[in-house]
């Protein structure tokens, strides 16, 4: 029982360290380290492209993590650190694309979809489908025949 | 009429999507569109300042590149990089055609770089090494091989990530070299 608890405690403790591959990379100051992790989570690993540099095992991601930590330790703001990387790798390095002329359609597309859907609903409400034409005498007769044989 | 239009609308949307998708696939096949290709931030800018050591003798700096005064290629490579082997004959061909290529060995041991060049040929006019890979980050390098075209005024005009192939040299590098001569 004691051992189970120990294993569980170790596993829980480990989850925090998954953020980076090597604890030796972490900054000594836990607050600075937390900031570096927060910045790194928003930066794309250029090698694997769909992972953040905090999650990636790639060599380049490790270098970029080190740079982020150097800059954080040097007292740079979150924005400054991100801008430094954007200057080299472009907006692509940001996992959350900024709102600008290039990403206008990307950000507005959900709104446009909502407007189009809403418009369609309003239009269909305003013009309800016309009721079907009344049955002809022949059809009435046939229906009666079918319903009560 | 209205109902028919409504029924046809999804078909129309699917048709437009299909055409767009086929154009995308064709452009990917031709190589004129690469969904994984990343635009370089250096295009149209002066190359970043740096000074790097060489493998044996001296390396070079951005000032050395700027002093050439004619368009040239800067190639990031490494002995551990498999596509670089594939690229070697293409670089050798460029060298033969008289195109100056300056090489930067990325995260490589000098001895390993020398062995690689002895085996696959040395196409480089000058050679530098970026052991920690920091200069490569300033250039926005995402991996090796990666090639940059720099004009006579030391402005970066073109970047290609991945091994250069003969058709890329013919359709992109040669026209640019002529343009910026």
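Chains as they are written, first to last, in my numbering: chain D, 870 to 1018; chain X, 849 to 1029. In this text, a Cβ means the ideal position worked out from N, Cα and C, and glycines have one as well.
Secondary structure of residue i, DSSP reduced to three states
i, result
"residue 953 of chain X", "strand"
"residue 790 of chain X", "In the structure displayed, chain X extends from 849 to 1029; residue 790 of chain X sits before or after that span and is not available."
"residue 964 of chain D", "coil"
"residue 868 of chain X", "helix"
"residue 1007 of chain D", "helix"
"residue 885 of chain D", "Low per-residue confidence applies at residue 885 of chain D: pLDDT is 46, beneath 50, and the placement is therefore not dependable, though the value from the model is reported in the following sentence. Helix."
"residue 972 of chain D", "helix"
"residue 951 of chain D", "helix"
"residue 898 of chain X", "coil"
"residue 976 of chain X", "strand"
"residue 881 of chain X", "coil"
"residue 978 of chain D", "helix"
"residue 909 of chain X", "strand"
"residue 904 of chain X", "coil"
"residue 970 of chain X", "coil"
"residue 945 of chain X", "coil"
"residue 891 of chain X", "coil"
"residue 946 of chain D", "coil"
"residue 932 of chain X", "helix"
Cβ-Cβ separation, residue j to residue i (assumed contact under 8 Å), whole Å
i, j, result
"residue 981 of chain X", "residue 1009 of chain X", "That pair is no contact at about 15 Å."
"residue 981 of chain D", "residue 912 of chain D", "With 8 Å as the limit, residue 981 of chain D and residue 912 of chain D do not qualify as a contact, their Cβ atoms being about 29 Å apart."
"residue 916 of chain D", "residue 927 of chain D", "4 Å"
"residue 977 of chain X", "residue 953 of chain X", "4 Å"
"residue 985 of chain X", "residue 894 of chain X", "Rounded, the Cβ-Cβ distance is 17 Å, inconsistent with contact."
"residue 896 of chain D", "residue 942 of chain D", "6 Å"
"residue 949 of chain X", "residue 972 of chain X", "6 Å"
"residue 947 of chain X", "residue 1025 of chain X", "6 Å"
"residue 899 of chain X", "residue 961 of chain X", "Going by Cβ atoms, the distance from residue 899 of chain X to residue 961 of chain X rounds to 18 Å, so no, they are not a contact pair."
"residue 957 of chain D", "residue 988 of chain X", "5 Å"
CA nearest to the CA of residue i, picked from the options
i, options, result
"residue 1016 of chain X", "X:939, X:894, X:863 and X:925", "X:939"
"residue 968 of chain X", "X:878, X:1003, X:998 and X:929", "X:929"
"residue 949 of chain D", "D:965, D:985 and D:908", "D:908"
"residue 941 of chain X", "X:882, X:852, X:1018 and X:873", "X:1018"
"residue 965 of chain D", "D:910, D:1010, D:934 and D:1017", "D:910"
"residue 970 of chain X", "X:943, X:890 and X:957", "X:943"
"residue 1012 of chain X", "X:1005, X:1025, X:1000 and X:996", "X:996"
"residue 1001 of chain X", "X:1021, X:1028 and X:935", "X:1028"
"residue 937 of chain X", "X:872, X:911, X:960 and X:965", "X:965"
"residue 924 of chain X", "X:1021, X:935, X:1022 and X:897", "X:935"
"residue 994 of chain X", "X:882, X:926, X:855 and X:916", "X:926"
"residue 940 of chain D", "D:983, D:902 and D:975", "D:902"
"residue 900 of chain D", "D:938, D:919 and D:983", "D:938"
- Message: What are the residues in the region 967-997 of chain X lying within 7 Å of chain D by C-beta distance?
- Response: Result list: 981, 985, 986, 988, 990 and 991.
**Q.** Interface residues of the region 904-925 of chain D facing chain X [CB-CB below 8 Å]
**A.** 915, 916 and 918
Item to complete: Taking only runs that begin and end inside the region 987-1027 of chain X, name each unbroken beta strand (DSSP E) of 3 or more residues, in chain order.
Response: 994-998 and 1004-1009
| task | Could you name the residues of the region 930-961 of chain D whose beta carbon sits closer than 9 Å to any beta carbon of chain X, in the order they occur along the chain? | result | 932, 933, 936, 954, 955, 956, 957, 958, 959 and 961
Report the residue ranges of all alpha helix (DSSP H) runs contained in full by the region 891-933 of chain D; include only those spanning at least 4 residues, in chain order. 899-910
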